[in-house]
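*Asks:* Residue numbers (this note's numbering): 64 to 396.
(1) Excluding the 5 residues flanking residue 173 on each side, which residues of the same chain have their C-beta closer than 8 Å to its C-beta?
(2) Report yes if the CB atom of residue 138 is closer than 7 Å to the CB atom of residue 117, and no otherwise.
(3) What residue from 175, 330, 201 has the CA that sits closest to residue 356's CA?
(4) I'd like to confirm the pairing. Which residues does DSSP put opposite residue 98 in its beta bridges?
(5) For the 8 Å Cβ check, are there 3 or more pairs between the region 346-355 and the region 105-112?
(6) My understanding is that residue 225 touches residue 249, with C-beta atoms under 8 Å, so please give their C-beta distance in whole angstroms.
(7) Residues in its own chain within less than 7 Å of residue 246 by CB, not counting five upstream and five downstream?
(8) Using the Cβ count rule (16 or more neighbours within 10 Å means buried), how would you classify residue 72?
(9) Which first and last residues belong to the beta strand (DSSP E) in which residue 118 is found?
(10) Would you grab the beta carbon distance between residue 122 and residue 321 for me? Rounded to a whole angstrom, and I think it's under 8 Å.
(11) Specify the secondary structure class of residue 262 as computed by DSSP and reduced to three states.
(12) With DSSP collapsed to three states, give me the class of residue 84.
(13) Could you spell out the range, first to last residue, of the beta strand (DSSP E) harbouring residue 305?
(14) Tell me which residues share the same chain as residue 367 and place their Cβ nearer than 8 Å to its Cβ, disregarding the 5 neighbours each side in the sequence.
(15) Three-state secondary structure (DSSP) at residue 68?
(16) Run the CB neighbour count on residue 243, radius 10 Å, all protein chains shown included, and call it buried at 16 or more, exposed below.
(17) Are the Cβ atoms of residue 277 and residue 328 separated by less than 7 Å?
(18) Could you tell me if the beta carbon of residue 252 falls within a distance shorter than 6 Å of some heavy atom in the ligand ZN?
(19) If the criterion is Cβ atoms closer than 7 Å, does the pair residue 288 and residue 270 meet it?
(20) Ignoring anything shorter than 4 residues or poking outside the region 218-288, list the alpha helix (DSSP H) runs there in chain order.
(21) Does the region 289-302 come into contact with the region 185-205, if we say contact requires no fewer than three beta-carbon pairs (one atom in each stretch) closer than 8 Å?
(22) From which residue to which residue does the alpha helix (DSSP H) around residue 178 run?
(23) Use the C-beta contact count for residue 82: other C-beta atoms within 10 angstroms, 16 or more gives buried, fewer gives exposed.
(24) The alpha helix (DSSP H) with residue 128 in it runs from where to where?
(25) Going by alpha carbons, who is nearest to residue 251 out of 258, 237, 233, 262?
(26) Measuring straight from C-alpha to C-alpha, what distance separates residue 298 and residue 65?
(27) Beta-carbon separation of residue 313 and residue 283 under 7 Å?
(28) Going by the DSSP bridge assignment, what does residue 324 pair with across the sheet?
What follows is the structure, encoded as structure tokens:
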């Protein structure tokens, strides 16, 4: 890897700063508290879908493993349990095995916020209001032009995962929620299925046949109610098959990921053990499970919902840039 410096991206970088300032203004007006948090932790939430960075704290003969945080969730929820209230974090997060591409970076800026007393779809209203605030501050109206197309930000285009798979991939409800039936359908479609898990099969189809259609009809798309296998920290819906999770997209680009937060510490511990086994099976870096997170939740987290948004991706849209790398003055490649 090498360090690359360029001022060609200065205009885009300034638009990134405008988005960041608009976000801070929005949360200040709404009464959210901005939280400064550590970037290193001795334990993490086990998440099988991502890889982490590890380092060592060394002092004389003492040596202890520390991990760069892939999200601020393990800290923010402790504060919520303690009674903090509506809050947000805007700062760096780190995910290994993500090369620098148009939409990914191993070091990125994450916006994560939590609102008390609302469900996940109610939090979607807050997200829409924030995006509107950014557009009004930068462009003076509730719309945005991206790559030659105008998008209205006055409302969502909404679709469930089940509806999206039926509409764009021809996969029925029965096929979607059955590994065996989904594998058969995936094989017919030409996907590799040997030794692939349900999550792998779902992700292949989602990436190839669903994502390209999201946020393409002149509005941002809110896609929600993912299979429970894809929402380790989210409440389940009454159907027992789907979880309270949504993502939102513009022009096929995923911008944020929201959960209706799981409140049951015992259920959380059970899911953590499952995720930890998946990490081990997948050959991921081993790290201690954050049991303090579970203990905090057992003390009682009040109903709330939270969302994580990649600020570079969001700013990329407002800067009309093709890549998050176009926003940076210094990159490591």
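C-beta atoms are modelled at their ideal positions from N, C-alpha and C, and glycine is treated no differently.
*Replies:* According to the data block:
(1) 134, 135, 152, 153, 154, 155, 156, 371, 372, 373, 374
(2) no
(3) 330
(4) DSSP lists no partner for residue 98.
(5) yes
(6) Incorrect: roughly 17 Å between the Cβ atoms, too far for contact.
(7) 256, 264
(8) buried
(9) 116-122
(10) About 40 Å; that fails the 8 Å criterion.
(11) helix
(12) helix
(13) 305-313
(14) 143, 177, 178, 179, 180, 181, 324
(15) strand
(16) exposed
(17) no
(18) Of ligands this structure carries none, so the ligand ZN is not represented either.
(19) no
(20) 224-232, 236-239, 242-252, 261-268
(21) no
(22) Segment 170-179 is the beta strand (DSSP E) holding residue 178; no alpha helix (DSSP H) there.
(23) buried
(24) Careful: residue 128 lies outside any alpha helix (DSSP H), inside the beta strand (DSSP E) at 125-131.
(25) 233
(26) 43 Å
(27) yes
(28) 297
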